[in-house]
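**Student:** Line by line, the protein sequences give chains L and Z.
The numbering of the first sequence is this note's numbering, which starts it at 316 and goes up by one.
The numbering of the second sequence is this note's numbering, which starts it at 316 and goes up by one.
Beta carbons are placed, not taken as given, at the ideal position from N, Cα and C, and that holds for glycine.
Protein chains: 2
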Amino acid sequence: MKIGQVSKKTDLSVQTIRYYETQNLIKSAGRTDGNFRVYDSKVIEQLEFIKHCRHLDLSLSDIKRINELRDNPNAVCEEVNELINDQVKMVKIKMKELRHLKTQLEALTDSCSNNQKVGDCGIIKSLQECDC
Amino acid sequence: MKIGQVSKKTDLSVQTIRYYETQNLIKSAGRTDGNFRVYDSKVIEQLEFIKHCRHLDLSLSDIKRINELRDNPNAVCEEVNELINDQVKMVKIKMKELRHLKTQLEALTDSCSNNQKVGDCGIIKSLQECDC
DNA sequence: CTTGACTCTATAGTGGCTATAGATATTAAA
DNA sequence: TTTAATATCTATAGCCACTATAGAGTCAAG
């Protein structure tokens, strides 16, 4: 299989697949005479795994670490667990920030009745006053 | 006032202040004989405004646009309003994504009882199965 | 006159890609 | 067989909003 086919099967761009290779997340099985990457079907699974993890917003280095642990089945599960828990914590923090953000932004839109002149714009006035 | 003092007053790093200059968000009043930037107090307000907008996660180019509109008080307020509304939309989308993320991550942690071997790790097994 | 704190410019790094240029390889149609 | 279209290769730059560094110059106090 060449990279274009892998790309179609996984719905990842060709560049992304090559990028994952530079980051040592995957390897091609080898090269053709013309220096094209050749893959076996195993890579599809690997890329789906990566996709799934990225979907969970895990960093590529986290994913790399999980892969290392996967390759060593006697390793202790705890590290993976911590990694996921840290991710949950991060997500909670981000959600809190976004809730705050949303409140502030919605307060702003309330202070604007459309088609005023900027000189009278409540939004801009609010932005000038600091409430942090 | 030199840049270090501005930095202290605004709690922005010296590099950030210089960066904002490269992005045409602020200007220094001039330079000393020794080529040090000189600022008047006006810049403090400007930087606080920028800080406030960044706090709302507005992009620097959005902030630049708002500044342009501020300098032209006869402009119509609508554009500022749209800009903020777009920001609210983005925040809502991000929140939705994060909620989804959190659900998935928490489901994962439930599938791990600590200190197992990786070979038996529920998290890793779940990551291998695709539920997208 | 030296020391130390400050400032300057220019450049590289962050993360996770995306996009481009320019060269080579392969495939299909004419 | 030629040619044109498509696929692939490497290397590099760009995105965003900074942060960090190197190496040089400036300035004030002791």
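For the alpha helix (DSSP H) containing Gln-361(Z), name the first residue and the last one.
**Tutor:** Within the second sequence, numbered from 1, the residue matching residue 361(Z) stands at position 46. Residues 357 to 370.
**Student:** What residues from chain L crowd round Ala-390(Z), counting only those whose CB sits closer than 8 Å?
**Tutor:** Sequence index remark: in the second sequence, residue 390(Z) carries index 75 (1-based). Those within 8 Å of Ala-390(Z) in chain L are Lys-432, Val-433.
**Student:** Work out the CA separation of Gly-349(Z) and Ala-366(Z) for me, nearest whole Å.
**Tutor:** Walking along the second sequence from the start, residue 366(Z) turns up at place 51. Walking along the second sequence from the start, residue 349(Z) turns up at place 34. For clarity, residue 366(Z) is Lys in the given sequence; the question names Ala instead. One C-alpha to the other measures close to 29 Å.
**Student:** Kindly give me the distance between the Cβ atoms of Thr-337(Z) and Ile-359(Z), rounded to whole angstroms, as I take these residues to be in contact under 8 Å.
**Tutor:** As a position in the second sequence, residue 337(Z) is number 22, starting the count at 1. As a position in the second sequence, residue 359(Z) is number 44, starting the count at 1. No, Thr-337(Z) and Ile-359(Z) are not in contact; Cβ-Cβ is about 19 Å, not under 8 Å.
**Student:** Contact defined as beta carbons within less than 8 Å: I believe Met-410(L) pairs with Met-410(Z). What is the distance between those atoms, to the nearest angstrom?
**Tutor:** For this step, residue 410(L) is matched to residue 95 along the first sequence. For this step, residue 410(Z) is matched to residue 95 along the second sequence. Right, the Cβ-Cβ distance comes to about 6 Å (below 8 Å), so this counts as a contact.
**Student:** Is the region 389 to 396 of chain L in contact with the region 372 to 384 of chain Z, if contact means three or more CB pairs nearer than 8 Å?
**Tutor:** no
**Student:** Look at the alpha carbon of Val-403(Z) and the alpha carbon of Arg-385(Z), and state the distance between them as a whole number of angstroms.
**Tutor:** Start at 1 with the first residue of the second sequence, and residue 403(Z) comes out as number 88. Start at 1 with the first residue of the second sequence, and residue 385(Z) comes out as number 70. Going by the C-alpha atoms only, they are around 21 Å apart.
**Student:** Compute the Euclidean distance between the alpha carbons of Gly-345(L) and Ile-318(L), then round it to the nearest angstrom.
**Tutor:** Counted from its first residue, the first sequence places residue 345(L) at position 30. Counted from its first residue, the first sequence places residue 318(L) at position 3. One C-alpha to the other measures close to 11 Å.
**Student:** Determine, using beta carbons only, whether Thr-331(Z) comes closer than 8 Å to chain L.
**Tutor:** On the second sequence, residue 331(Z) is found 16 positions in, with the first residue counted as 1. Proximity of Thr-331(Z) to chain L, defined by a Cβ-Cβ separation below 8 Å, is not satisfied.
**Student:** So for Lys-432(L), helix, strand or coil by DSSP?
**Tutor:** On the first sequence, position 117 is the one that residue 432(L) refers to. Shown here, Lys-432(L) sits in a strand according to DSSP, grouped into three states.
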